[in-house]
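Student:
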Amino acid sequence: MDAQELLQRYGTGKMDFRGARLVGINLFRADLIGINLNQADLEQANFTLAYLSRSRFCQANLARAYLCGANLNQADLVGALLPDADLHGASLRGADLRSADLTLAILLDANLADADLRNADLSGANLTGACLRGANLRQESRTYCANLRGANLRQADLQGANLTGADLSRVDLSGANLQEATLRNTDLSGTNLEKTNLTGAFLTEANLTGANLRQATLVRAKLERARLVQADLSEADFSLAIASDARFTGANLQKTQFPEAKLTRTDLSRTQMQYANLEEANLIDAYLGRADLSNANLRRALMTRAEISSAILLNADLTGATMPDGSKQA
Amino acid sequence: MSPETSATSCLEDVAHHLTTHPQQLRIKKLVYSACRRTWENNPAVLNQQDLGQLLAQLVRDYPSPEQLQIIFGRIVATLNHQAEYNQVATVILSSVEPLYSFQQAATAVMADADDDHTATLTSSAPTAGVKPYEAIAQTLAQHPQQLRLKKLVYCLCHQRWENSPEVLDPISFETLLPYLHQITPSHDHLTYALSQLIKRLNRPDQYGQLAQTLVQRLSTLYQKPIEDHTTTLSRDEATYLAATEDEHTTFNPATQVSNEQTQAFNPSLHLAEEAAHAPVASANPPAVKDRKHLFELRLEITKYTSPLQAKILLFSTVQRPFQFTVQDWQHLRSFTLEDLLRDTFDYCTSFSDLETKLTIIASCLDSPDEGSQAASALLRAMKPYYAPNKLILVAP
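These protein sequences, in sequence, are chains S and Z.
So that you can map any letter, position 93 of the first sequence is 89 in this note's numbering, and since no number is skipped, the others follow by simple counting.
Residues are numbered in this note's numbering as their position in the second sequence, beginning at 1, plus a constant of 5.
1) I need the DSSP call for residue 173 (chain Z), collapsed to helix, strand or coil.
2) Using the beta-carbon of each residue, which ones in chain S are nearer than 8 angstroms to residue 343 (chain Z)?
3) Residues of chain S with a CB under 8 angstroms from the CB of residue 327 (chain Z): which are they?
4) I need the DSSP call for residue 384 (chain Z), collapsed to helix, strand or coil.
5) Need the endpoints of the alpha helix (DSSP H) that residue 314 (chain Z) sits in, please.
6) Measure the C-alpha to C-alpha separation of residue 179 (chain Z) and residue 98 (chain Z) and round it to an integer number of angstroms.
7) Using 8 angstroms as the Cβ pair cut-off and three pairs as the minimum, do the stretch 169 to 178 of chain Z and the stretch 146 to 161 of chain Z touch?
8) Would you please state the rounded distance, in angstroms, between the beta carbons of residue 239 (chain S) and residue 275 (chain S)? I believe it to be under 8 angstroms.
9) Can you tell me which residues form a DSSP beta bridge with residue 198 (chain S)?
10) Any Cβ of chain S within less than 7 angstroms of the Cβ of residue 107 (chain Z)?
11) Excluding five sequence neighbours on each side, which residues of the same chain lie with their C-beta closer than 6 angstroms to the C-beta of residue 240 (chain Z)?
12) Could you spell out where the alpha helix (DSSP H) holding residue 352 (chain Z) opens and where it closes?
13) What is the rounded straight-line gap between the Cα of residue 144 (chain S) and the Cα of residue 194 (chain Z)?
14) I'd like the list of long-range same chain contacts for residue 327 (chain S), defined as Cβ closer than 7 angstroms, with 5 residues on each side in sequence excluded.
15) What ranges does the beta strand (DSSP E) occupy inside the stretch 108 to 164 of chain S, keeping only unbroken runs of at least 3 residues that lie completely in it?
16) In whole angstroms, give me the CA-to-CA distance for residue 149 (chain S) and residue 348 (chain Z).
17) Look at the alpha carbon of residue 96 (chain S) and the alpha carbon of residue 113 (chain S), and state the distance between them as a whole number of angstroms.
18) Check whether the Cβ atoms of residue 42 (chain S) and residue 11 (chain S) lie closer than 7 angstroms to each other.
19) Can you round the beta-carbon distance between residue 86 (chain S) and residue 128 (chain S) to whole angstroms, since I take them to be within the 8 angstroms contact cut?
20) So that I know if they touch, is there some Cβ in chain Z lying closer than 7 angstroms to that of residue 87 (chain S)?
21) Answer with yes or no whether the minimum CB distance from residue 90 (chain S) to chain Z is below 7 angstroms.
22) Looking at the C-beta of residue 311 (chain Z), does it have a partner C-beta in chain S at a distance below 7 angstroms?
23) Can the beta-carbon of residue 175 (chain S) be found closer than 7 angstroms to that of residue 193 (chain S)?
24) Among Z:334, Z:292, Z:156, which one has its Cα closest to the Cα of residue 197 (chain Z)?
25) By DSSP's criteria, residue 258 (chain S) is part of a beta bridge. Which residues make up the other side?
26) So what's residue 253 (chain S) in DSSP terms, helix, strand or just coil?
27) Which residues in the same chain as residue 136 (chain S) place their Cβ atom closer than 8 angstroms to its Cβ, once the five residues preceding and following it in sequence are excluded?
28) Does chain S have any CB closer than 7 angstroms to the CB of residue 316 (chain Z)?
29) Which of helix, strand or coil does DSSP assign to residue 298 (chain S)?
30) Determine the extent of the alpha helix (DSSP H) in which residue 334 (chain Z) is found, giving its start and end residues.
31) Using a cut-off of 8 angstroms between C-beta atoms, extract the partners of residue 356 (chain Z) located in chain S.
32) What residues match up with residue 303 (chain S) in a beta bridge as DSSP calls it?
33) Considering only residues of the stretch 52 to 95 of chain S, which uninterrupted beta strand (DSSP E) runs meet the minimum length of 3 residues and lie entirely inside it, listed in chain order?
34) Please identify, using Cβ separations under 8 angstroms, the residues of the stretch 290 to 301 of chain Z that lie next to chain S, in order along the chain.
35) Mind reading off the beta-carbon distance from residue 49 (chain Z) to residue 365 (chain Z)? Whole number of angstroms is fine, and I expect it under 8 angstroms.
36) Let me know if residue 220 (chain S) comes out buried or exposed under the rule of 16 or more other beta-carbons within 10 Å of its beta-carbon.
So, in structure tokens, the structure goes:
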């Protein structure tokens, strides 16, 4: 079947093309709304700027297909094979992409808002500038989770996205928007989060070991029990953040902002905290063994029972701070 | 033949002469650049502009050939084909010379007419002087910071900051004030336009004080709206203003300068203003959205068009018309939507500029329907990121 025949049949009202063999078919700008192409072989097919909203491509082979600018809103792509597919600037709002294979796919500036990407394989995919607001990438079980290893998510919009348990290790998320995103128990080790907006993000138990969070915004973020060992957090903003029981061992916290942050029982040992702002921070029971707090601002900070005996407090401002023994500095 | 018709035919002759010139494209580029304060290489945009209209604007914006020469010199200095464009500038300057002589004649005629008009109006209205602009111009010219005051007034009139005394000195306050009064027909318009301008300057404190001085000196213009407005507004508008005179005069002129809030929120004044100048923004325009983060803008755009359509249109605007070639696809992929939006903000300095360019480019794309759909989505989403004061400052 060629493109002309398919369009002719579609024009007469036929929608069901399940299992059709249409390798390399050219359907540039075609209007095929609601078409059923489940299990079809569409390798290297050209759907550039085609209208495919509410279409069905379950388990279809779309390897190396061209879907640039295609409208695939609310399309059913469960289990579709899309390795190396070109989805540059495509619209996939609310599409179902569960278990789809998108390895090395180009999703540059694609709109994946509210898409279901659970168990999808996005390893090595280019998601630069993509919109993933409200997208679901949540881990359902140990074996059913989205894979984003080595993906590029620079400037991506992930506001409110659910990435619980997702593997984002060594991903480039620089300049991305992760406001209110759910990243509970997410692997972000070695991830580039420089200047990323993580305001109000849920990072409870996340693994941020060795991550780059320079100048990132983490205002009101939840970081309970998160691991931030050896992470670079210089000049990041943790105002009002909650990081109880988190581990910052050996992290770079120079000029980091922690005003009114909750750091109870937090491990801040061996951290570089020169010029850090900890005004009114809650450091009750925190561990600051050999932490360098020279020139830090600790005004009105609460340090009851905190371990600071080996910390460097040269030129630190302790005005009004509550000291480990409960006494208050003048 | 009347002076108007001979001026029009002269303009047509000059335009015809320049469009048939072998360097006509470069001529248009240079004239366009002087008028729009932006360099344009895209033939699709240039072809939509009538050279005659551009020349008319040129002569209006730069009231003497000397000023035009200075501006051309500045533009050419930024180009890579300077020798060619210097010749082009000479061609334009020699061609437009007759237009300046006509303009001078026309100004003289208009000045006479204005005198008559003011005389008839002032005969029934009490006023401090026959020519209010002249008195204000004198006090401004005697001010110790007169050059800075002129810079402010010039920028409000021309929407362009000018530092050069060579350009500013030959222009008198007397020539600038009537136009300033025309584009800022009320005290609110003036204070708003000034506040928007001050925000963009690097010496906001110094210029803020001078703006205050300017508002005080010009307050006499706004205390007597009837006779002043009639010189610039059409007869219908003038009649309307006369009908709402009571609403204007209920305000104590003394509080007009010092108490902005009371004035801005007073419903009767607000309604009168809106009715008389419908397209002009209200005294409290919405805040311009911050361009630091463009996530919201991207989201808004892709609600109504595919991200690729938006990118194709923006690429065609800031780079070259997209041709669907392999090279174009590769080139397009090297930009993100955000990159193209930022380039577009740099390229189109005002919303009207953006509107013109996007609409023209959209109609030139291989699928004009989809292009115009993308254009409308982009315009709707990008509008809040442009300062609304541009609307106020646009000449009627």
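The C-beta atom is built at its ideal place from N, Cα and C for all residues, glycine as well.
Tutor: According to the data block:
1) Position 168 of the second sequence, counted from the first residue, corresponds to residue 173 (chain Z). Of the three classes helix, strand and coil, the one that applies to residue 173 (chain Z) here is helix, per DSSP.
2) Residue numbering aside, residue 343 (chain Z) sits at position 338 when the second sequence is read from its first letter. Those are 125, 151, listed as they occur along chain S.
3) Counting from one through the second sequence, the residue named residue 327 (chain Z) turns up at place 322. Ordered by position in chain S, no residue passes the 8 angstroms Cβ test against residue 327 (chain Z), which lies about 11 angstroms from the chain.
4) Walking along the second sequence from the start, residue 384 (chain Z) turns up at place 379. Three-state result, residue 384 (chain Z): helix.
5) In the second sequence, counting from the first residue as 1, residue 314 (chain Z) sits at position 309. Here the alpha helix (DSSP H) through residue 314 (chain Z) covers 312 to 323.
6) Numbered from 1 along the second sequence, position 174 holds the residue referred to as residue 179 (chain Z). Numbered from 1 along the second sequence, position 93 holds the residue referred to as residue 98 (chain Z). Using only the alpha carbons, I get a separation of about 26 angstroms.
7) yes
8) Locating residue 239 (chain S) in the first sequence gives position 243, counting from the first residue. Locating residue 275 (chain S) in the first sequence gives position 279, counting from the first residue. About 16 angstroms separates the two Cβ atoms, so there is no contact after all.
9) The residue given as residue 198 (chain S) occupies position 202 in the first sequence. DSSP, once it has assigned bridges, lists S:178, S:218 as partnering residue 198 (chain S).
10) Position 102 of the second sequence, counted from the start, is the residue given in the question as residue 107 (chain Z). Chain S has no Cβ within less than 7 angstroms of the Cβ of residue 107 (chain Z).
11) Position 235 of the second sequence, counted from the first residue, corresponds to residue 240 (chain Z). Note on residue 240 (chain Z): pLDDT 37, under 50, position unreliable in the model; no value is reported.
12) Reading the second sequence from its first residue, position 347 is the one you call residue 352 (chain Z). Run containing residue 352 (chain Z): 342 to 352, per the alpha helix (DSSP H) assignment.
13) Locating residue 144 (chain S) in the first sequence gives position 148, counting from the first residue. Locating residue 194 (chain Z) in the second sequence gives position 189, counting from the first residue. Residue 144 (chain S) and residue 194 (chain Z): Cα-Cα distance of roughly 54 angstroms.
14) As shown, chain S starts at -3 and ends at 326. That puts residue 327 (chain S) outside it, with no answer to give.
15) none
16) For the purposes of this step, residue 149 (chain S) is taken as residue 153 along the first sequence, with counting starting at 1. For the purposes of this step, residue 348 (chain Z) is taken as residue 343 along the second sequence, with counting starting at 1. Straight-line Cα distance between these residues: approximately 21 angstroms.
17) Mapped onto the first sequence, residue 96 (chain S) falls at position 100. Mapped onto the first sequence, residue 113 (chain S) falls at position 117. Rounded to the nearest angstrom, the two C-alpha atoms are 8 angstroms apart.
18) Walking along the first sequence from the start, residue 42 (chain S) turns up at place 46. Walking along the first sequence from the start, residue 11 (chain S) turns up at place 15. No.
19) The residue labelled residue 86 (chain S) in the question sits at position 90 within the first sequence. The residue labelled residue 128 (chain S) in the question sits at position 132 within the first sequence. Their Cβ separation, rounded to whole angstroms, is 13 angstroms, which puts residue 86 (chain S) and residue 128 (chain S) out of contact at 8 angstroms.
20) In the first sequence, counting from the first residue as 1, residue 87 (chain S) sits at position 91. Put simply, the CB of residue 87 (chain S) is near chain Z, with a gap under 7 angstroms to one of its CB atoms.
21) Walking along the first sequence from the start, residue 90 (chain S) turns up at place 94. Closer than 7 angstroms: no.
22) Here residue 311 (chain Z) corresponds to residue number 306 of the second sequence, with the count starting at 1. Yes, residue 311 (chain Z) counts as interfacial toward chain S.
23) Along the first sequence, read from residue 1 onward, the residue named residue 175 (chain S) stands at position 179. Along the first sequence, read from residue 1 onward, the residue named residue 193 (chain S) stands at position 197. In contact: residue 175 (chain S) and residue 193 (chain S) (Cβ atoms closer than 7 angstroms).
24) The residue you call residue 197 (chain Z) lines up with position 192 of the second sequence. Nearest C-alpha to residue 197 (chain Z): Z:292.
25) Mapped onto the first sequence, residue 258 (chain S) falls at position 262. For residue 258 (chain S), which the question treats as bridged, DSSP gives the partners S:238, S:278.
26) The sequence position of residue 253 (chain S) within the first sequence is 257, counting from 1. Of the three classes helix, strand and coil, the one that applies to residue 253 (chain S) here is strand, per DSSP.
27) One-based indexing of the first sequence puts residue 136 (chain S) at position 140. 114, 115.
28) Within the second sequence, residue 316 (chain Z) is the residue found at index 311, counting from 1. Yes, contact with chain S.
29) Taking the first residue of the first sequence as 1, we reach residue 298 (chain S) at position 302. Three-state result, residue 298 (chain S): strand.
30) By one-based count along the second sequence, residue 334 (chain Z) stands at place 329. Note, residue 334 (chain Z): alpha helix (DSSP H), 331 to 338.
31) Reading the second sequence from its first residue, position 351 is the one you call residue 356 (chain Z). The premise fails here: residue 356 (chain Z) is roughly 24 angstroms from chain S at the closest Cβ pair, so nothing lies under 8 angstroms.
32) Start at 1 with the first residue of the first sequence, and residue 303 (chain S) comes out as number 307. Residue 303 (chain S) is bridged to S:283.
33) none
34) 298, 300
35) What you label residue 49 (chain Z) is simply residue 44 of the second sequence in a count that begins at 1. What you label residue 365 (chain Z) is simply residue 360 of the second sequence in a count that begins at 1. Rounded, the Cβ-Cβ distance is 6 angstroms, consistent with contact.
36) Walking along the first sequence from the start, residue 220 (chain S) turns up at place 224. By the neighbour-count rule (16 or more Cβ atoms within 10 Å), residue 220 (chain S) is buried.
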